[in-house]
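Numbering (full-length UniProt numbering), first residue to last: 1 to 145.
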């Protein structure tokens, strides 16, 4: 590898780090307005898309541990956004679903984030967005073990 290769690697890593930090700031700003954490909005979205999921299902979908997810779900249950129920197929298993209030909060948070990001992404043409998405998918494939 030559010096130019190393410089490109640093530029790419710095770019992703800066984007990651800014996305975190934006999502935190927007979800704080709704008195909910970004992780909680992700769980609400998962339950909206996949009702009656188990805690393990959600943890797997979000690439996190069951113990981390347990704390997030517990706060959502206490806030009356999520209900735990025994699965009909196996009474020992618990499933999760949104309450009406949870559905409302999920839609509100989702729209708030989509409005914020769509405003910023409107600076790009559809072709530019497709190129960006394609480049990211290609990079993800290259980074797989």
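Note that CB positions come from ideal geometry on N, CA and C, so glycine has one too.
- Under the three-state reduction of DSSP, residue 68 is assigned to helix.
- Cβ atoms of residue 81 and residue 102 come within 8 Å of each other, at about 3 Å.
- In this structure, DSSP gives residue 84 an extended state, which the three-state scheme calls strand.
- Per DSSP, residue 34 lies in no alpha helix (DSSP H) segment and is marked neither H nor E.
- Residue 48 holds the alpha-carbon nearest to the alpha-carbon of residue 108 among 130, 75 and 48.
- Residue environment: residue 125 is assigned as exposed (fewer than 16 neighbouring CB atoms within 10 Å of its CB, all protein chains considered).
- In the pairwise beta carbon analysis, the stretch 76-92 is classified as not touching the stretch 23-32: fewer than three pairs are separated by under 8 Å.
- DSSP places residue 125 outside any alpha helix (DSSP H), giving it a letter other than H or E.
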